[in-house]
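Enquirer: Chains U and P are the protein sequences, given in the same order.
Position one of the first sequence corresponds to residue 112 (my numbering), numbered consecutively onward.
Position one of the second sequence corresponds to residue 410 (my numbering), numbered consecutively onward.
Note that the Cβ used here is the ideal one computed from N, Cα and C, for glycine as well.
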Amino acid sequence: MSYLSDIYNGIKTLLTGMSVTGKYFLNSRKGAITQQYPDNRDTLKMFERFRGEVVMPHDENNEHSCTGCQKCELACPNGSIEIIWDRVIDENTGKKKKIIDQHIYHFGMCTQCGLCVDACPSDAIKWAQNFENSVYDRTQLTRVLNQPGSKVRAGVEE
Amino acid sequence: MNTLININNLFLSIIPAEITGLPKMAMIALIYLGIFAVLGLYLVLLERKVAAWFQLRLGPNRVGYHGLLQTMADALKLVSKELTGTVKADKFLYNLAPYFVIITSLMALGIFPFTQKLQAYDLNIGLFFLIAISSIGVIGILLGGWSSNNKFSLIGAMRSGVQTISYELSVGLSLLTMVLLTQSLQLSEIVEVQKNGWLIVQGHIPAIIAFMVFMIAGTAETNRAPFDMVEAESELGAGFHTEYSGMKFAYFFLAEFINMFIIAAIATTVFFGGWLSPFGVTESIPWLGVFWFLAKTFILVFLMMWFRWTFPRLRVDQLLTLEWKYLLPINLVNIVIMAVIVWLNLSIQF
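1) I need the boundaries of the alpha helix (DSSP H) containing E630 (chain P), first residue and last residue.
2) K458 (chain P): buried (16+ other C-beta within 10 angstroms of its C-beta) or exposed?
3) Select from the segment 452-474 of chain P all residues with a C-beta closer than 7 Å to any C-beta belonging to chain B, and list them in chain order.
4) Taking only beta-carbon positions, decide if I118 (chain U) is within less than 8 Å of chain P.
5) Count the other CB atoms within 10 Å of the CB of Y114 (chain U); is the residue buried (16 or more) or exposed (fewer)?
6) List the residues of chain U whose Cβ lies closer than 9 Å to the Cβ of Y735 (chain P), in chain order.
7) In three-state DSSP terms, what is V472 (chain P)?
8) Taking the alpha carbon of I273 (chain U) as the point to measure from, which residue in U:L252, U:G163, U:E202 has its own alpha carbon closest?
9) Does the count of Cβ pairs from the segment 167-177 of chain U and the segment 143-158 of chain U closer than 8 Å reach three?
10) Buried or exposed: which applies to I671 (chain P), given that a residue is buried once 16 or more other Cβ atoms fall within 10 Å of its Cβ?
11) Return the Cβ separation of V600 (chain P) and L485 (chain P) in integer angstroms, given the expectation that the two are a contact with Cβ distance under 8 Å.
12) When the cut-off is 8 Å and only beta carbons count, does Y148 (chain U) lie next to chain P?
13) For the segment 542-556 of chain P and the segment 570-583 of chain P, state whether three or more C-beta atom pairs, one from each stretch, are separated by less than 8 Å.
14) Taking the beta strand (DSSP E) that K237 (chain U) belongs to, which residues open and close that run?
15) When we look at the beta-carbon of W462 (chain P) and count the other beta-carbons within 10 Å, is it buried (16 or more) or exposed?
16) Can you give the beta carbon distance from V355 (chain P) to L584 (chain P), rounded, assuming they're within the 8 Å contact cut?
17) Counting only Cβ pairs nearer than 7 Å, list the residues of chain U close to T719 (chain P).
18) Is there at least one Cβ from chain U nearer than 8 Å to W760 (chain P)'s Cβ?
19) Take S579 (chain P) as the anchor and find which of P:I757, P:P738, P:V745 has the nearest alpha-carbon.
20) Step through the CB atoms of chain U and report whether any lies within less than 8 Å of the CB of L741 (chain P).
21) Where does the unbroken beta strand (DSSP E) through V166 (chain U) begin, and where does it stop?
22) Would a C-beta distance cut-off of 8 Å place A629 (chain P) and E640 (chain P) closer than the cut-off?
23) What is the C-beta distance between L582 (chain P) and L536 (chain P), in whole angstroms, given that I count them as a contact (C-beta under 8 Å)?
24) Which residue marks the beginning of the alpha helix (DSSP H) containing R568 (chain P), and which one marks its end?
25) Measure the alpha-carbon distance for S489 (chain P) versus K657 (chain P) and round it to whole angstroms.
26) Where does the unbroken alpha helix (DSSP H) through R254 (chain U) begin, and where does it stop?
27) Taking just the CA atoms, how far does V751 (chain P) sit from Q603 (chain P)?
28) Taking buried to mean at least 16 other C-beta atoms within 10 Å of its own C-beta, is P188 (chain U) buried or exposed?
29) Kindly indicate if chain P contains any beta-carbon less than 8 Å away from that of I236 (chain U).
30) So the alpha helix (DSSP H) I211 (chain U) belongs to, where does it begin and stop?
31) From the DSSP output, which residues share a beta bridge with R198 (chain U)?
32) Measure the C-alpha to C-alpha separation of T677 (chain P) and Q528 (chain P) and round it to an integer number of angstroms.
33) Using a Cβ-Cβ cut-off of 8 Å (strictly less than) and excluding sequence neighbours within five positions of I540 (chain P), which residues of its own chain qualify?
34) With a CB to CB cut of under 8 Å and the five nearest residues on each side skipped, what residues in its chain are close to L454 (chain P)?
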């Protein structure tokens, strides 16, 4: 009897599948679930976890929280991050302190793996959600993440 | 309604009266070719739109109003493309294969009765001719796969051979079940019989089983998903037409869609009364038969598209198990039941 029950179950499951897709078909009038990209360019916001490019957020005083520890540079598997750093004397404590001169990010080499963002102890770098990243010259893909004249926020220690 | 010119007369009025015999046949063939080439293109568009709706997408919507000219643009592109091929291909067979496929599928269209009068050729063994012609098409696929000198093409073509030889039995037997009721193979006769109720109603349970078997086997005959092992993209690239480009590829592509139309048209003619309107609502206007025929056919075409966008592809062994262990025995039992029903006059007649 398993022969007949096989046929019965086969037809039943096929009809179940067809009813599922049939419901989708009937609901397709309510609009597509896909993004109509070039049309909705002004309103399209990528989701939070989207990895566009690495950026360094600065606050209103032009301060970032990068201490120049170079952990991101070490974590990067293909050398996309280069940090040019220097030592200065801290005015408050009088001790020598490491600061960054330039946090150079080669976006052209970056594979968006996210290891640098995970490695950063002070959350100085994070992912931006932009995605229209094409340029006419690849030198434009080499970016300096810290803004000119910016300095590390007070209280962020290595 | 004699005042209404039926479409057949319209066609005949286009053709000058002094042209008869072979030139007339050639002209009718050209008209059919034109109409069904355009129909094939729009079936491609319909397939893409239906696929989009099943997956909650929009589908082609850029070329023309709601993308209506998309497949025209695609066809133009394919016409203008270079015809490439493999160096070691068997050139003669390689060039012959697409024509084999497209000609057989266009030949089958000639014998469908679109209305009472609009039928290019009323063959008295119509159904038999359809079954025969649908199995010639596979020779084109085998030729294409063999002569391309490509292992993917060859595997695809051999799978097609296995598939078509197996499923032909089911197509033939399920249609034979209905022939027991109609007692004729002539398509116009088959439609005539259905004036007492569509055959799917006349034959009730065995007819419904035969219809289900026919739709499954018909989907397999046209090499469409879930039976598309012939061109299984993830395994074989594009199967037998891997090495074809431009217009030769377009012939294969068009033939696939016209074959789908043919399978749906056979089902319409044999199970759903062909050009007859439901309950005879438009019996007084004969030319509306074209509308009813196409409406029924496109509903069945939609059903086949529904299959395609729902079911995953079968393995080869599952395909053969389905045919030889399930469809064939069911069909044989079904044909005996139908014979008993016809013998005892248990069919439902209005």
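Expert: Quick look at the numbers:
1) 613-630
2) buried
3) In the displayed structure, chain B is absent; the protein chains listed are U and P.
4) yes
5) exposed
6) Y114, D117, I118, G121
7) coil
8) The requested residue 273 (chain U) is not part of the displayed model; chain U covers only 112 to 269.
9) no
10) buried
11) Incorrect: roughly 38 Å between the Cβ atoms, too far for contact.
12) no
13) yes
14) 237-239
15) buried
16) Outside the displayed span of chain P (410 to 759) sits residue 355 (chain P), for which this structure offers no information.
17) G128, M129, T132
18) Outside the shown range of chain P, which is 410 to 759, sits residue 760 (chain P), and nothing can be said about it.
19) P:P738
20) no
21) 164-166
22) no
23) Actually they are not in contact, since the Cβ atoms of L582 (chain P) and L536 (chain P) sit about 12 Å apart, beyond 8 Å.
24) 560-591
25) 12 Å
26) From DSSP, R254 (chain U) is part of no alpha helix (DSSP H) but of the beta strand (DSSP E) over 253-255.
27) 15 Å
28) exposed
29) no
30) Careful: I211 (chain U) lies outside any alpha helix (DSSP H), inside the beta strand (DSSP E) at 207-217.
31) U:K209
32) 15 Å
33) E577, V580, G581, L584
34) P469, G476, L477, Q479, T480
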